[in-house]
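**Student:** Before anything else, here's the structure in question.
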Amino acid sequence: MLAVLVPACMVQPPARTRNVAAARDAEPAPRRGGTLVVAQERPTTLDPLPSTDVYSTTISNQLFVGLLRFGANLDPTPALAQTWTISPDGLTYDFRLQPNVRYHNGRLLTSDDVAYSLRRAFEPGGTGNIASLYLAAIDGAEEYQSGRANTVRGLQARGADQLTIRLRRPDPSFLWALCLPQAAVVPREEVERAGPAHFARHPVGCGPFRFVSWDDSHVVVARNPDYFGAKPYVDTLVFVTPASLATEYGSHELLAGRVDVTDVNQAHYPAIAASPRLHVMRRRQLALGFLGLNCRIPPLDHPKVREAVAYAINREALIRVDTLGAVLANGVLPPGVQCYSPVPKALPYDPERAASALEAAGYASGKGLPPLDYWVPVRSGVRRTADSLLVEDLRRVGFRVRVHEVEWRDLSQRIATRRAALFSLAWIADIPDPDSFLGSLFDSRSTSNMFQFQDPRVDTLLMMARESRDPMQRARLFQQAEAEVLVQVAVVPLNHSATLYGTSGRVHGFELTPLGISVFDFSRVWLHESPPAL
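In C-alpha cells, the structure reads:
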C-alpha cells in the first residue's frame with residue numbers, strides 16, 4: 087500500500103530563493119561546532135506525546151527518537167528500528183532495534199521502553215493525544231484505553247532488542263504513524279519519577295540533542311555525545327522564544343544578525359530577500375489554512391448559520407492579499423495528498439445565498455443574531471488586512487463580529503478547551519495521508535476535532551477508509567467524507583500555504599520537507615562563518 091501512497095505524496099524539491107551575491111558556487115565542507123540560534127513561538131511542553139503544536143514538537147523532535155522517521159520523500163526510514171518485516175496479511179510487524187542506544191541519563195534503551203511508550207498513548211484517563219488516533223489499529227489498544235484490560239496485547243517486547251506489534255485490522259498508514267514525533271520513545275522511570283508535568287519541563291530522551299535548560303525566553307539543548315546515529319554538527323541549539331509574535335521578532339533579529347533561523351512574514355520578506363548575507367527558503371506545505379467554526383457554540387450550532395458564514399466570505403479576495411505563495415483551497419485536502427482534486431468543493435462566495443441562509447435560520451438581515459467572537463493570534467500587518475476583509479464580509483450580510491487578537495498560547499488553550507466559536511488557524515499534516523486532515527480534524531473521537539463536529543456517517547466513512555486495502559475504494563471514501571464535512575460547514579477552507587524561512591548565510595543543511603519544521607532534524611545543520619551576537 088505504501089508503494090501506492092508514497093509517490094502520490096511526493097512534492098518537487100524545495101524552491102530556495104538565494105541572493106545572487108550570496109550564492110554558493112562551491113559549498114564548503116561540513117564542519118562541527120558552534121551554536122545555532124532559532125527564533126520561534128514558545129513551546130507548551132517538551133514531552134513528545136502530548137505535543138499538539140509545531141513549536142513544542144520542533145524542539146522535542148531534537149531530544150527524542152521513535153522507531154521510524156520520515157525520509158526526504160516522506161517515506162518511513164529506520165530510526166530506533168534497524169530492520170522490520172510485515173506479515174502477508176498486514177497485521178504483524180516485527181522490529182529489531184538498533185544496538186547500544188542510550189538515553190541521556192546513561193541507561194540502555196530496550197524493547198520494553200518502546201512498548202511502554204506506545205502503550206502510554208492509550209493510558210486510561212489520559213487527556214488525549216495525536217498518536218492515539220493514528221495508532222488505534224494496534225490490537226488491544228481500545229480495551230486498554232477504556233480500562234477493560236491492564237495492558238495492550240498487540241505490543242510484545244521479545245528480548246531486549248525485538249518488538250512485535252500486532253494490529254486488529256490492516257492499516258496502510260501504520261508505518262507513517264510510527265514516524266510521528268508523538269510516537270517517540272521515552273524512559274519510563276523518568277516519566278514516573280516526578281510525574282508527567284515535571285518530565286514535560288525536564289525531558290530525557292535518546293535523541294541527537296540533550297536538554298539543558300528552559301526559561302521564559304530560551305530553550306537550550308546540546309549535542310548528545312552518546313547518540314547512536316550520526317552525531318550533530320553543532321554543539322548547541324538555542325531556541326529563542328519571545329513573549330509575543332515570534333515572526334516579527336525573529337525577522338528583526340535575523341536582519342540584525344542575532345538569530346540564524348526564523349520563519350518570515352510578508353512584511354519582512356523584501357528586506358530579508360534583498361540582504362546579501364541572508365537566504366530565504368520557500369517550501370509548499372501539506373497544510374490547510376482555514377476559518378474554524380465550533381459547531382456547538384450558538385449561533386454556530388445552527389447549520390444554516392454556518393452555511394451563511396461560508397457563503398459570506400470572499401476567499402479569493404483573501405488570497406490576493408498574500409503575495410508569497412498561498413493558493414486558494416478548494417476543499418480540505420491540499421495538493422500533494424492522495425485524494426486531492428482541484429475540483430471546487432467548498433461553498434462559493436455568494437452574499438445573496440448567505441443572506442437567505444440567515445433568514446432560513448430565523449435571523450433575517452441578522453436581526454436577533456447573537457454576536458460572533460472571532461479569535462486570532464497576534465498578527466502582522468498583512469494578516470490583519472486579511473482578517474479585516476473577512477470580518478467585513480461577515481458584517482455585510484448581517485453578522486456582528488467581535489475580534490479577539492491574543493497570544494498564541496492563549497489562542498491554543500482556548501481552541502483546545504473548545505471555547506473559541508470562530509477562529510483562524512493553519513493545520514499541517516502529521517503524516518502524508520488524507521486521514522491526517524479528515525480523520526484528525528473531523529472524526530468525532532479525535533482529540534484534534536476542535537470544531538466539536540459530530541456526524542455518524544462521517545465517522546463510518548473515515549473508519550471504512552482506514553480499513554480499506556483497495557486504494558481506489560479508500561480514495562472514494564475519503565472524498566465522500568470530505569464532501570460531507572464541507573456541506574455541513576464545520577470549516578471554511580481558505581488557503582494552502584507555503585512555509586517561508588529565513589536563514590543566515592552561515593547556515594548549511596537546512597532543507598524542509600512538506601511536513602514542515604516540526605519533523606526536521608537539526609543535527610544535519612552545520613555552520614560556517616561567524617556566529618550571531620546573542
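Numbering-wise, the numbering used here comes out as the position in the sequence shown, counting from 1, plus 86. Yeah, the Cβ is synthetic: ideal placement off N, Cα and C, and Gly gets one too.
Please report the straight-line C-alpha distance between Arg369 and Ala584, rounded to a whole angstrom.
**Tutor:** Roughly 5 Å between the two C-alpha positions.
**Student:** Can you give me the Cβ contacts of Tyr449 inside the same chain, cut-off strictly under 6 Å, excluding the 5 residues immediately before and after it?
**Tutor:** Contacts found: Leu455.
**Student:** Is Glu568 near Arg543, with beta carbons less than 9 Å apart?
**Tutor:** Against a cut-off of 9 Å, the Cβ pair of Arg543 and Glu568 comes out as no contact.
**Student:** Is Phe325 helix, strand or coil when you go by DSSP?
**Tutor:** Of the three classes helix, strand and coil, the one that applies to Phe325 here is strand, per DSSP.
**Student:** Tell me the DSSP bridge mates of His304?
**Tutor:** Answer by DSSP bridge pairing, in chain order: Val326.
**Student:** For Asn581, write down the residues that DSSP places opposite it in a beta bridge.
**Tutor:** Answer by DSSP bridge pairing, in chain order: Gly375, Leu414.
**Student:** Given Arg128, which residues of its chain have a CB within under 7 Å of its CB, disregarding the five upstream and five downstream residues?
**Tutor:** Excluding positions up to five away in sequence, the list reads Tyr141, Thr327, Arg495.
**Student:** Would you mind giving the Cβ-Cβ distance between Gly152 and Val271, rounded to the nearest angstrom? I have them listed as a contact below 8 Å.
**Tutor:** At roughly 6 Å, the Cβ-Cβ gap stays under 8 Å, so Gly152 and Val271 are in contact.
**Student:** Could you tell me the boundaries of the beta strand (DSSP E) in which Phe564 lies?
**Tutor:** Note, Phe564: premise wrong, no beta strand (DSSP E); alpha helix (DSSP H) at 557-573.
**Student:** For Ala403, name the three-state secondary structure that DSSP assigns.
**Tutor:** Helix at Ala403.
**Student:** Which residues in the same chain as Gly595 place their Cβ atom closer than 8 Å to its Cβ, once the five residues preceding and following it in sequence are excluded?
**Tutor:** Contacts found: Pro116, Tyr319, Arg610, Val611, Trp612.
**Student:** Could you check what DSSP says for Gly602 in three-state terms: helix, strand or coil?
**Tutor:** Note: Gly602 maps to coil in three-state DSSP.
**Student:** How far does the beta strand (DSSP E) with Glu491 in it extend, from its first residue to its last?
**Tutor:** Segment 487-492, the beta strand (DSSP E) holding Glu491.
**Student:** Of all the CB atoms in chain C, is at least one closer than 9 Å to the CB of Pro600?
**Tutor:** Annotation note: the requested chain C is absent from the structure, which comprises a single protein chain.
**Student:** From Ala342 to Phe314, what does the alpha carbon distance come to, in whole angstroms?
**Tutor:** For Ala342 and Phe314, the distance between alpha carbons rounds to 37 Å.
**Student:** Taking contact to mean at least 3 C-beta pairs separated by less than 8 Å, is the stretch 302-311 in contact with the stretch 159-175?
**Tutor:** With a cut-off of 8 Å, the stretch 159-175 and the stretch 302-311 do not count as touching, because too few Cβ pairs lie within range.
**Student:** Can you tell me whether Val611 is helix, strand or coil according to DSSP?
**Tutor:** In the structure shown, Val611 sits in coil (DSSP, three-state: anything other than H, G, I, E or B).
**Student:** Quick one: using the 10 Å Cβ neighbour count with 16 as the cut-off for buried, is His354 buried or exposed?
**Tutor:** By the neighbour-count rule (16 or more Cβ atoms within 10 Å), His354 is buried.
**Student:** Could you compute how far the alpha carbon of Tyr460 sits from the alpha carbon of Lys317?
**Tutor:** When rounded, the distance between both Cα atoms is 46 Å.
**Student:** Could you name the residues that DSSP lists as bridge partners for Ser590?
**Tutor:** The partner list for Ser590 (beta bridge, DSSP) reads Leu364.
**Student:** Taking the alpha carbon of Leu154 as the reference point, which residue from Asp180, Ser137, Leu132, Thr130 has its own alpha carbon closest?
**Tutor:** Residue Asp180 is the option with its Cα nearest to Leu154.
**Student:** Hey, how far is the Cα of Phe564 from the Cα of Arg439?
**Tutor:** Distance between the alpha carbons of Phe564 and Arg439: 28 Å.
**Student:** Please confirm whether Gln148 and Phe509 have their CB atoms less than 9 Å apart.
**Tutor:** No, these two residues do not count as a Cβ contact at 9 Å.
**Student:** Examine the Cβ distances between the stretch 119-139 and the stretch 245-255 and report whether three or more of them are shorter than 8 Å.
**Tutor:** The stretch 119-139 is not in contact with the stretch 245-255.
**Student:** Work out the CA separation of Thr533 and Gly233 for me, nearest whole Å.
**Tutor:** About 18 Å.
**Student:** In three-state DSSP terms, what is Ala432?
**Tutor:** Coil, per DSSP.
**Student:** Where does Arg401 land, buried or exposed, given buried means 16+ other C-beta within 10 angstroms?
**Tutor:** Burial call: buried.
**Student:** Going by DSSP, what residues sit across from Gln268 in a beta bridge?
**Tutor:** DSSP output for Gln268 lists no bridge partner at all.
**Student:** Using 10 angstroms around the beta-carbon of Glu615, count the other beta-carbons present and answer buried if the total reaches 16, otherwise exposed.
**Tutor:** Exposed: under 16 other Cβ atoms inside 10 Å.
**Student:** Buried or exposed for Ser197, going by 16 or more other Cβ atoms inside 10 Å?
**Tutor:** Buried is the call here.
**Student:** Can you check which of these residues, Ala446, Ala396, Glu445, is closest to Leu433 by C-alpha distance?
**Tutor:** Nearest of Ala446, Ala396, Glu445 to Leu433, Cα basis: Ala396.
**Student:** Below 9 Å between beta carbons: does that hold for Ala551 and Asp521?
**Tutor:** Taking 9 Å as the Cβ cut-off, Ala551 and Asp521 qualify as a contacting pair.
**Student:** Report back the beta-carbon spacing between Leu497 and Pro457 to the nearest angstrom; my notes put them in contact at under 8 Å.
**Tutor:** Wrong, their Cβ atoms sit about 19 Å apart, outside the cutoff.
**Student:** Using 9 Å as the threshold, is the C-beta distance between Leu374 and Ala512 below it?
**Tutor:** Yes, the Cβ-Cβ distance between Leu374 and Ala512 is below 9 Å.
**Student:** Roughly how far, in whole angstroms, is the beta-carbon of Leu195 from the beta-carbon of Cys292, given that I think they are within contact range, below 8 Å?
**Tutor:** That belief holds up - the Cβ atoms of Leu195 and Cys292 are roughly 6 Å apart, short of 8 Å.
**Student:** Here's the rule: buried if 16 or more other CB atoms are within 10 angstroms of the residue's CB, otherwise exposed. What is Gln352?
**Tutor:** Under this definition Gln352 is a buried residue.
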